[in-house]
Amino acid sequence: MNAVLQAEGLTRVFPSPAGDVTAVRDAELSVAPGELVVVAGRSGAGKTTLLTMLGGLDRPTAGRVLVDGQDLASPATDIDSLRGSRIASIFQTAGLIPVLSAAENVEVPLRIRRVEAGERDRRVADALRDVGLEEHARQRPGELSGGQQQRVGIARALVMTPGILLADEPTAQLDSETGAQIMDLIARLVHERGTAAVVATHDQAMLARADRVLELHDGVLRERESRKVS
17 MNAVLQAEGL TRVFPSPAGD VTAVRDAELS VAPGELVVVA GRSGAGKTTL
67 LTMLGGLDRP TAGRVLVDGQ DLASPATDID SLRGSRIASI FQTAGLIPVL
117 SAAENVEVPL RIRRVEAGER DRRVADALRD VGLEEHARQR PGELSGGQQQ
167 RVGIARALVM TPGILLADEP TAQLDSETGA QIMDLIARLV HERGTAAVVA
217 THDQAMLARA DRVLELHDGV LRERESRKVS
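In structure tokens:
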């Protein structure tokens, strides 16, 4: 199956008074539709830097990122449009808007893309049902648990049916049981929807959900292990 997300020789160097710091060095990555790739590594290993480059939020010092064969650094590539339609991100905290309900938070990217009202309502309802929160649609973030807030964040990320999902430590702020539920949810949705997903984590318990596990150590990305989610 053809990859929808590729990294070729991806390198990111940050200057500092003590000398250049290489956060990611010559990373190679290829992710196919419906594949869940977990990038493991301790805090500070470069996982966030890798994901920001994959998502087009930061430009590499060297190498390139291809999304559907398009080079994100090419002047011909409309990164904003690509990120809005093809790439979605989940972070450590859900980052919900406190004054909006769960449904309204999920609706935000649809409004930005000017999706018609009836279609917005249908997609929001479907997204909340997918994450098991259809009965909490009218509740605001302050009325939801941490795990429920993260589920709303997942629904918001997936409501545009992106081809690529990038998740940076999505369970870091959750207890182990809730974190496992969130990772199970991400794995299920990725496989059901055929989404290409890269999830960064330092939580060793999360690796069992992956199709492939890569390890990032001192900026170097290597394949650790292949797994098949049952």
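Residue numbers for the sequence shown follow our numbering, so the first one is 17 and each next one is one higher. In this text, a Cβ means the ideal position worked out from N, Cα and C, and glycines have one as well. From a predicted model like this one, the values you see are computed outputs, not experimental measurements.
message: For residue 19 and residue 84, what's the separation of their Cα atoms in angstroms?
response: Your numbering for residue 19 matches position 3 in the sequence shown. Your numbering for residue 84 matches position 68 in the sequence shown. Their Cα atoms are separated by approximately 8 Å.
Inter-residue spacing [alpha-carbon to alpha-carbon] between residue 174 and residue 73: Along the sequence shown, one-based indexing puts residue 174 at 158. Along the sequence shown, one-based indexing puts residue 73 at 57. A direct Cα-to-Cα measurement between residue 174 and residue 73 gives close to 18 Å.
message: Strictly by DSSP, which residues pair up with residue 233?
response: Taking the first residue of the sequence shown as 1, we reach residue 233 at position 217. Paired residue(s): 236.
- prompt: At what residue ranges does the segment 96 to 131 contain a whole run of the alpha helix (DSSP H), taking only runs of 4 or more?
  reply: Qualifying alpha helix (DSSP H) stretches, in chain order: 118 to 128.
task: Can you give me the Cβ contacts of residue 215 inside the same chain, cut-off strictly under 6 Å, excluding the 5 residues immediately before and after it?
output: Residue numbering aside, residue 215 sits at position 199 when the sequence shown is read from its first letter. These residues qualify, in order along the chain: 54, 183.
Length-filtered (3 minimum) beta strand (DSSP E) runs lying within the segment 155 to 193: Within the segment 155 to 193, the complete beta strand (DSSP E) runs of at least 3 residues are 180 to 184.
task: Run the CB neighbour count on residue 115, radius 10 Å, all protein chains shown included, and call it buried at 16 or more, exposed below.
output: Start at 1 with the first residue of the sequence shown, and residue 115 comes out as number 99. Counting of Cβ neighbours within 10 angstroms places residue 115 among the exposed residues, the total staying below 16.
query: How many Å lie between residue 200 and residue 225 at the Cα?
result: Sequence index remark: in the sequence shown, residue 200 carries index 184 (1-based). Sequence index remark: in the sequence shown, residue 225 carries index 209 (1-based). Going by the C-alpha atoms only, they are around 7 Å apart.
message: Beta-carbon within less than 7 Å of residue 59's beta-carbon, same chain only, minus the 5 sequence neighbours each way: which residues are those?
response: Residue 59 sits at position 43 when you count from the first residue of the sequence shown. Counting only Cβ-Cβ distances below 7 Å, and skipping sequence neighbours, we find 218.
- request: To the nearest angstrom, report how far apart residue 176 and residue 126 are at their CA atoms.
  value: One-based indexing of the sequence shown puts residue 176 at position 160. One-based indexing of the sequence shown puts residue 126 at position 110. Straight-line measurement puts the Cα of residue 126 at about 7 Å from the Cα of residue 176.
task: Excluding the 5 residues preceding and the 5 following residue 172 in the sequence, name in chain order all residues of the same chain whose CB lies nearer than 7 Å to its CB.
output: If you number the sequence shown from 1, residue 172 lands on position 156. Annotation for residue 172: 121, 122, 124, 125 place their beta carbon closer than 7 Å to its own, counting only its chain and skipping 5 residues before and after.
- prompt: Can you name, in chain order, every residue of its own chain whose Cβ lies under 6 Å from the Cβ of residue 104, other than the five neighbours on each side?
  reply: Here residue 104 corresponds to residue number 88 of the sequence shown, with the count starting at 1. Taking residue 104 as the centre and dropping the five residues before and after it, the same chain places the C-beta of 173, 178, 181 closer than 6 Å to its C-beta, in chain order.
- prompt: On the three-state DSSP scale, how would you describe residue 33?
  reply: Working through the sequence shown from its first residue, we reach residue 33 at position 17. Taken through DSSP and simplified to helix, strand or coil, residue 33 comes out as coil.
task: With distances taken Cα to Cα, identify the nearest neighbour of residue 202 among 37, 107, 111.
output: Position 186 of the sequence shown, counting from 1, holds the residue named residue 202. Residue 107 holds the alpha-carbon nearest to the alpha-carbon of residue 202 among 37, 107, 111.
field: Selected residue, minimal CA-CA separation from residue 185, among 137, 68, 45, 37
entry: For this step, residue 185 is matched to residue 169 along the sequence shown. When only C-alpha atoms are compared, the closest one is 68.
message: Can you tell me where the beta strand (DSSP E) holding residue 217 begins and where it ends?
response: By one-based count along the sequence shown, residue 217 stands at place 201. That run of the beta strand (DSSP E) goes 212 to 217.
query: The beta strand (DSSP E) with residue 78 in it runs from where to where?
result: As a first step, residue 78 is located in the sequence shown; it is residue number 62 there, counting from the start. Taken as a continuous stretch (DSSP letters only), the beta strand (DSSP E) holding residue 78 covers 78 to 83.
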